[in-house]
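Visitor: First the structure, then my questions, so here it is.
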Amino acid sequence: MNEQRNKTIIKTSIVGIIVNVLLAAVKAVIGLIAGSIAIVLDAVNNISDAGSSIITIVGTKLAAKPADRKHPFGYGRIEYISAMIISVIVLYAGITSLVESVKKIIHPETAEYTTPGLIIIAVAVVVKILLGAYFKKVGKSVNSDSLVNSGEDATLDSVISAATLVAAVIFLIWHVSIEAWLAAVISVVIIKSGIEMLSETLSRILGERADSATVIGVKKLITGYPQVHGAYDLILHNYGPDNYNGSVHVEVDDTLTADEIDTLTRDITNKVYKETGVILTAISVYSRNTGHDSSAAMRDAVYAMAKEEQYVLGAHGFYLDEPAREIRFDLVVSFDAPDRRAVTEDVAEKIKGAYPGYTPYINIDFDFSET
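Going by my numbering, 206 is the number at position 218 of the sequence shown; the sequence numbering is gapless.
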């Protein structure tokens, strides 16, 4: 699956390189003949796009390297680094374009447009729109930030070319040159897009919450086992696109033997990996009371009291240790809570008031996944 994904990314990038090099060569010639800074800058942008595609190919190749002793989780995150480099290139192109546009506003020069040149620019607009859409479509289908960013860059280039075309038409009809002003405005748009792309990529490198579809899919598989009463605390660590390692808690009856639990957790691990590609490196166990008739009613009451608190998102892992007079469970407290410990203490006090003589032991859980 990963091999096919990499081939698709490389093939798409090669198409981008060929198209952008051809466009750059044609635009450079037209821009120099017409004396148009906008067209020349457009040609430079095409070269940067070709460079972005090369970076995507190199990043994909490096990310496909197998795990080794130094990097036991593989090199998948290199794809995020390549996407970040492309974002920086877009940002740099926008800043450079803005500087050159301002120079032309201060010291204007009259461009000389030709009909063949304008026709070629119009064709280039269509080509870049199609190329951008192609990159984005393929990038989203294979979950490649580098391709998506390259597609966004191509779309922005089509806007630049279209603006150049509009400026040329206005000049030919009304003899008013707005080329430099349009280039300046578009440069600001490019800078904004570059900053947004860079921000998104850095966020992925820092580590984001796993997408809901993956979380729901993994939990659905786990809770599909009749022995499992619930799956909680699913933590997924991303080591590249579609490359997750994680851990989870499962709730099972306290009568299961170690042998039965071992068989169950191995089956869960294998099934989750085969159907989702997620590697569960650890499965911890919550035991559910089966020997106390009152435990179920107490569990429901404790959960209800916990959910009365504003920042409590849920509770799970309840276990009643009757001989020790202890109540144990986990409390999921929102990241929005100003004081997570205070929320937990409030819940503990409610439980003590409702069940005097029992000691609540509450573990604070983070809301690692939304579901």
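We put the beta carbon where it would ideally sit given N, CA and C, even for glycine.
May I ask which residues mark the beginning and end of the beta strand (DSSP E) holding A270?
Guide: Along the sequence shown, one-based indexing puts residue 270 at 282. Where A270 is concerned, the enclosing beta strand (DSSP E) stretches over I267 to R276.
Visitor: Quick one: using the 10 Å Cβ neighbour count with 16 as the cut-off for buried, is P229 buried or exposed?
Guide: Here residue 229 refers to the residue found at position 241 when the sequence shown is read from its first residue. Answer is buried; the Cβ neighbour count reaches 16.
Visitor: Measuring alpha carbon to alpha carbon, tell me which residue in A330, L308 and D37 is nearest Y349.
Guide: Locating residue 349 in the sequence shown gives position 361, where the first residue counts as 1. It is L308 whose Cα lies nearest to the Cα of Y349.
Visitor: Please list, in chain order, all residues of the same chain as T347 whose beta carbon is under 6 Å from its beta carbon, the five residues on each side excluded.
Guide: On the sequence shown, residue 347 is found 359 positions in, with the first residue counted as 1. E314, listed in sequence order.
Visitor: What's the C-alpha gap between G127 and I(-2)?
Guide: The residue you call residue 127 lines up with position 139 of the sequence shown. The residue you call residue -2 lines up with position 10 of the sequence shown. Each residue's Cα considered, the two are about 11 Å apart.
Visitor: Touching or not, the stretch 3 to 11 and the stretch 113 to 120, by the rule of three or more beta carbon pairs under 8 Å?
Guide: yes
Visitor: Taking contact to mean at least 3 C-beta pairs separated by less than 8 Å, is the stretch 80 to 89 in contact with the stretch 170 to 177?
Guide: yes
Visitor: Distance, Cα to Cα, D37 vs D141?
Guide: Position 49 of the sequence shown, counted from the start, is the residue given in the question as residue 37. Position 153 of the sequence shown, counted from the start, is the residue given in the question as residue 141. Approximately 7 Å, taken between the alpha carbons.
Visitor: Are Y291 and E239 closer than 7 Å when you measure CB to CB?
Guide: On the sequence shown, position 303 is the one that residue 291 refers to. On the sequence shown, position 251 is the one that residue 239 refers to. Taking 7 Å as the Cβ cut-off, Y291 and E239 do not qualify as a contacting pair.
Visitor: Apply the 10 Å Cβ neighbour rule to D353 and answer buried if 16 or more other Cβ atoms are within range, or exposed otherwise.
Guide: Working through the sequence shown from its first residue, we reach residue 353 at position 365. Per the 10 Å Cβ criterion, buried.
Visitor: Find out if the Cβ-Cβ distance for the pair S146, V111 is shorter than 7 Å.
Guide: The residue you call residue 146 lines up with position 158 of the sequence shown. The residue you call residue 111 lines up with position 123 of the sequence shown. No. Outside cutoff.
Visitor: I315 by DSSP, collapsed to three states: which one?
Guide: On the sequence shown, position 327 is the one that residue 315 refers to. Reduced to three states, the DSSP call for I315 is strand.
Visitor: Would A156 and L106 be called neighbours here (beta carbons separated by less than 7 Å)?
Guide: Within the sequence shown, numbered from 1, the residue matching residue 156 stands at position 168. Within the sequence shown, numbered from 1, the residue matching residue 106 stands at position 118. Cβ distance < 7 Å, so A156 and L106 count as in contact.
Visitor: Check L301 in the structure and name its three-state DSSP category.
Guide: Translated into positions along the sequence shown, residue 301 becomes position 313. Reduced to three states, the DSSP call for L301 is strand.
Visitor: At which residue ranges does the stretch 27 to 67 contain complete alpha helix (DSSP H) runs of 4 or more residues, listed in the order of the chain?
Guide: none
Visitor: Measuring alpha carbon to alpha carbon, tell me which residue in R197, D221 and S283 is nearest S272.
Guide: As a working note, residue 272 is residue 284 in the sequence shown. With respect to the C-alpha of S272, the residue from R197, D221 and S283 having the closest C-alpha is D221.
Visitor: Just how far apart, CA to CA, sit G345 and S282?
Guide: Locating residue 345 in the sequence shown gives position 357, counting from the first residue. Locating residue 282 in the sequence shown gives position 294, counting from the first residue. Answer to the nearest angstrom: the Cα atoms are 15 Å apart.
Visitor: Alpha carbon to alpha carbon, how far is D241 from E188?
Guide: For the purposes of this step, residue 241 is taken as residue 253 along the sequence shown, with counting starting at 1. For the purposes of this step, residue 188 is taken as residue 200 along the sequence shown, with counting starting at 1. Whole-angstrom Cα-Cα distance: 43 Å.
Visitor: List the DSSP bridge partners of T347.
Guide: Along the sequence shown, read from residue 1 onward, the residue named residue 347 stands at position 359. In DSSP, T347 forms a bridge with E314.
Visitor: Straight-line CA distance for V321 to N34?
Guide: On the sequence shown, position 333 is the one that residue 321 refers to. On the sequence shown, position 46 is the one that residue 34 refers to. Going by the C-alpha atoms only, they are around 49 Å apart.
Visitor: How is L153 classed by DSSP in three states: helix, strand or coil?
Guide: Within the sequence shown, residue 153 is the residue found at index 165, counting from 1. Here L153 sits in helix by DSSP.
Visitor: Taking Cβ to Cβ, would you say N16 is nearer than 7 Å to A31?
Guide: Taking the first residue of the sequence shown as position 1, residue 16 is located at position 28. Taking the first residue of the sequence shown as position 1, residue 31 is located at position 43. In the sequence as displayed, the identity of residue 16 is Ala instead of Asn. Going by C-beta atoms, A16 is nearer than 7 Å to A31.
Visitor: Which residue's Cα is closest to the Cα of K207: D334, I108 and V260?
Guide: One-based indexing of the sequence shown puts residue 207 at position 219. Minimum Cα distance to K207 is reached at V260.
Visitor: With H, G and I counted as helix, E and B as strand and the rest as coil, what does DSSP make of L222?
Guide: Residue 222 sits at position 234 when you count from the first residue of the sequence shown. Correct three-state label for L222: strand.
Visitor: Could you tell me which of R254, D247 and Y227 sits nearest to V236, measuring between CA atoms?
Guide: Against the sequence shown, residue 236 aligns to sequence position 248. Per the Cα distances, R254.
Visitor: Classify S235 as helix, strand or coil using the three-state DSSP reduction.
Guide: Here the question's residue 235 lines up with position 247 in the sequence shown. Note: S235 maps to strand in three-state DSSP.
Visitor: Specify, as a first and last residue, the run of the alpha helix (DSSP H) that G205 falls within.
Guide: By one-based count along the sequence shown, residue 205 stands at place 217. Taken as a continuous stretch (DSSP letters only), the alpha helix (DSSP H) holding G205 covers S200 to T211.
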